[in-house]
Amino acid sequence: MRTTAISGTGLYTPPQTITNDELVESFNAYVQAFNQEHVEAIGEGTVEPLQPSSSSFVEKASGIKSRHVVEKSGILDIERMVPNIPERPNEEPSILCEMAVASARDAMRAANKTPDQIDAVIVGCSNLQRPYPAIAIEVQRELGIDGFGFDMNVACSSATFAIQVAADMVACSHARAILAVNPEICTAHLNFRDRDSHFIFGDVSTAAVVESKESCAAMHGFEIVGTKLSTRFSSNVRNNFGFLNRAAPEGIDNPDKLFVQQGRKVFKEVVPLVSDLITTHLAELGYRVADMKRMWLHQANRNMIDLIGRRVWGREPSIEESPVILDEYANTSSAGSIIAFHRFKSDLEVDDLGLICSFGAGYSVGSVVLRKIS
Ligand code: COA
Numbered sequence: 041m042r043t044t045a046i047s048g049t050g051l052y053t054p055p056q057t058i059t060n061d062e063l064v065e066s067f068n069a070y071v072q073a074f075n076q077e078h079v080e081a082i083g084e085g086t087v088e089p090l091q092p093s094s095s096s097f098v099e100k101a102s103g104i105k106s107r108h109v110v111e112k113s114g115i116l117d118i119e120r121m122v123p124n125i126p127e128r129p130n131e132e133p134s135i136l137c138e139m140a141v142a143s144a145r146d147a148m149r150a151a152n153k154t155p156d157q158i159d160a161v162i163v164g165c166s167n168l169q170r171p172y173p174a175i176a177i178e179v180q181r182e183l184g185i186d187g188f189g190f191d192m193n194v195a196c197s198s199a200t201f202a203i204q205v206a207a208d209m210v211a212c213s214h215a216r217a218i219l220a221v222n223p224e225i226c227t228a229h230l231n232f233r234d235r236d237s238h239f240i241f242g243d244v245s246t247a248a249v250v251e252s253k254e255s256c257a258a259m260h261g262f263e264i265v266g267t268k269l270s271t272r273f274s275s276n277v278r279n280n281f282g283f284l285n286r287a288a289p290e291g292i293d294n295p296d297k298l299f300v301q302q303g304r305k306v307f308k309e310v311v312p313l314v315s316d317l318i319t320t321h322l323a324e325l326g327y328r329v330a331d332m333k334r335m336w337l338h339q340a341n342r343n344m345i346d347l348i349g350r351r352v353w354g355r356e357p358s359i360e361e362s363p364v365i366l367d368e369y370a371n372t373s374s375a376g377s378i379i380a381f382h383r384f385k386s387d388l389e390v391d392d393l394g395l396i397c398s399f400g401a402g403y404s405v406g407s408v409v410l411r412k413i414s
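Adding 40 to a residue's 1-based position in the sequence shown gives its number in our numbering.
Dropping the structure here:
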């Protein structure tokens, strides 16, 4: 079995942004229009009036200040509240492929790898824009990579699960190097009319090159010391969109065909799940928590990041030890922990230990322990 490494990461950030104030202003205009339209029914008590959102709540409850999005105007238009992303002809690369390719090229540059040195592409993300052909095969074609590609979805844990799959394949010599890519257009599955969650998500794509430690010729390479995955069924984060919807057309436009969560319950149940998995994983590898220089956590909620940090370290971790990117990006599903890793890894010294941890719907948790090698 070969020892594996992450030799490069890449990031594609969509140029458009929406601040909390912009989003809340649009949401509140929608609320006002709804309440106006239903003024009589609200007066009769047959319709509940909608409550306004607030920027201060969003920042305090989540830590999010802004988000990057693929398309802004459709989201803020209160007649629409969905990004405006036109269909493309089959002859053109899909938008998910385009984002994936941009981040993949960035990762390949960082890893010092050319397409002929890569044998596979895995696209791991929460929302695939079609069932087939796989987005990964489209990415493979665009990059000119021989070999194979496939898509996988483990919601917010898709990136760490994809890294584990890639590492296993490289370790067993099924491939020399694999691109694990995470294009996320989270805004297209977000219910922007739901006060509890309208502020949660942003769009982005990340990528990582996984190869053997021996072949790694990167400026900032990280040995994959160990991976640990765990899942436990829960409907507290759920999306019922799928191919069977048209077999029950009466439910097609219901809110459950978009992202729905019981945020408070998720917070309470996932924090211990994640903290325990991280401490167990480190112990199984023979490390103490104190050996760890950095933890790149899934970016869903700032309070959650802080609490997991305190539980794992037994003290308040510094912002350098547990970096935060969700203030700028919001929750970008599987890509969040990889953005944090991409941005905050180059200052570590050779032999420093760190850990990427994702968590989310499923529930699912994935941990990847890394040691800097170059
Ligand atoms: N603006 C103003 N007030 C709002 C609001 C909004 N947009 N949304 C909710 N509120 C109100 C609620 O009505 C409630 O009021 P009440 O106390 O009078 O009943 C209060 O704020 C608290 O709401 P709650 O939903 O309990 O907030 P919270 O502190 O749990 O924060 C989340 C909400 C979603 C930010 C938080 O629960 C979370 O991030 N959970 C984890 C999510 C997660 O990790 N999901 C994984 C998916 S990838």
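Note that CB positions come from ideal geometry on N, CA and C, so glycine has one too.
Host beta strand (DSSP E) of residue i (start-end)
i      : result
Pro155 : From DSSP, Pro155 is part of no beta strand (DSSP E); its letter is neither H nor E.
Asn167 : First-last for Asn167: undefined, no H or E at that position.
Ser245 : 243-252
Ser270 : 262-271
Lys412 : 404-412
Lys333 : 332-337
Ser386 : Taken as a continuous stretch (DSSP letters only), Ser386 belongs to no beta strand (DSSP E), as it is neither H nor E.
Ser47  : 44-52
Val122 : Neither: Val122 is in no beta strand (DSSP E) and is coded neither H nor E.
Cys393 : Correcting the residue identity first, residue 393 is Leu in this sequence and not Cys. 393-400 is the extent of the beta strand (DSSP E) around Leu393.
Given residue i as reference, the closest of the options once Cα atoms are compared
i      : options                        : result
Ala211 : Val265, Asp293, Cys165, Gln72  : Val265
Asp146 : Ser47, Leu395, Ile365, Asp159  : Ser47
Leu230 : Val300, Pro223, Ser213, Asn285 : Val300
Ser197 : Lys268, Phe188, Ser255, Val179 : Lys268
Ala195 : Val408, Arg411, Gly400, Leu410 : Gly400
Thr43  : Tyr172, Glu251, Pro295         : Glu251
Met139 : Ile365, Thr320, Glu224         : Glu224
Thr227 : Leu325, Ser237, Arg351, Pro312 : Ser237
Phe262 : Gly326, Ala380, Gly394         : Gly394
Gln72  : Ile118, Val109, Leu388         : Ile118
Asp293 : Gly282, Trp353, Thr319         : Gly282
Thr320 : Thr86, Arg351, Glu290, His338  : Arg351
Asp331 : Leu410, Ser315, Ser373         : Leu410
Arg181 : Cys165, Ala160, Asn193         : Ala160
Asp316 : Thr86, Gly406, Ala215, Ile378  : Gly406
Met41  : Thr154, Ser373, Met209, Pro123 : Met209
Glu99  : Ile82, Thr59, Asp156           : Thr59
Pro295 : Asp346, Ala340, Arg235, Glu84  : Arg235
Phe381 : Arg355, Val408, Val390         : Val408
Ser255 : Ser143, Trp353, Pro171, Thr154 : Thr154
Unbroken alpha helix (DSSP H) run spanning residue i, endpoints
i      : result
Glu77  : 60-77
Asn343 : 342-353
Pro312 : 303-324
Val194 : Unbroken run through Val194: none, as it is neither H nor E.
Val221 : From DSSP, Val221 is part of no alpha helix (DSSP H) but of the beta strand (DSSP E) over 217-225.
Phe97  : 95-102
Ile175 : 175-183
Ser113 : 113-116
Ile366 : Going by the sequence as given, residue 366 is Leu instead of Ile. Unbroken alpha helix (DSSP H) run through Leu366: 366-369.
Sequence-distant residues of the same chain with beta carbon closer than 8 Å to residue i, five excluded per side
i      : result
Arg328 : Leu322
Ser94  : Val64
Met192 : Ile162, Val163, Gly164, Ser198, Phe201, Ala202, Val205
Arg149 : Gly48, Gly50
Asp61  : Ser95
Heavy atom of the ligand PLP within 7 Å of residue i beta-carbon
i      : result
Phe201 : By its list of ligands, the structure shown excludes the ligand PLP, since it contains just the ligand COA.
Assumed close pair residue i, residue j - CB separation to whole angstroms, cut-off 8 Å
i      : j      : result
Ser414 : His260 : 7 Å
Pro357 : Trp336 : Pro357 to Trp336, Cβ: 12 Å. No contact.
Ala217 : Ile162 : Their Cβ separation, rounded to whole angstroms, is 12 Å, which puts Ala217 and Ile162 out of contact at 8 Å.
Phe190 : Ala207 : Not really, about 16 Å apart at Cβ, beyond 8 Å.
Ile396 : Thr200 : 6 Å
Val244 : Ala375 : 5 Å
Gln56  : Val109 : 5 Å
Asn75  : Pro89  : 5 Å
Arg383 : Ile359 : Going by Cβ atoms, the distance from Arg383 to Ile359 rounds to 12 Å, so no, they are not a contact pair.
Ala248 : Ala220 : 5 Å
Tyr403 : Arg286 : Contact flag wrong, Cβ pair sits at about 29 Å.
His338 : Ser398 : 4 Å
Contact set for residue i: own chain, Cβ-Cβ below 7 Å, skip 5 residues either direction
i      : result
Arg233 : Tyr70, Met121
Ala257 : Asn152
Val456 : Residue 456 lies beyond the residue range present for the chain, which begins at 41 and ends at 414; the question has no answer from this structure.
Glu66  : The residue asked about is misnamed: residue 66 is Ser in this sequence, not Glu. The residues are Leu116, Ile118.
Met344 : Phe307, Val311
Cys178 : Per the sequence shown, residue 178 should be read as Glu rather than Cys. Counting only Cβ-Cβ distances below 7 Å, and skipping sequence neighbours, we find Pro133, Ser134, Cys137.
Ile125 : Val110, Glu111, Ile135, Ala228
Close-in-space but distant-in-sequence residues of the same chain around residue i (CB under 6 Å, 5 per side omitted)
i      : result
Asn167 : His229
Ala370 : Ile104, Arg107, Phe241, Gly242
Lys297 : Asn280, Phe281
Asp392 : Lys333, Lys412
Minimum Cβ-Cβ distance from residue i to chain B less than 8 Å
i      : result
Phe188 : No chain B appears in the structure shown, which is made up of a single protein chain.
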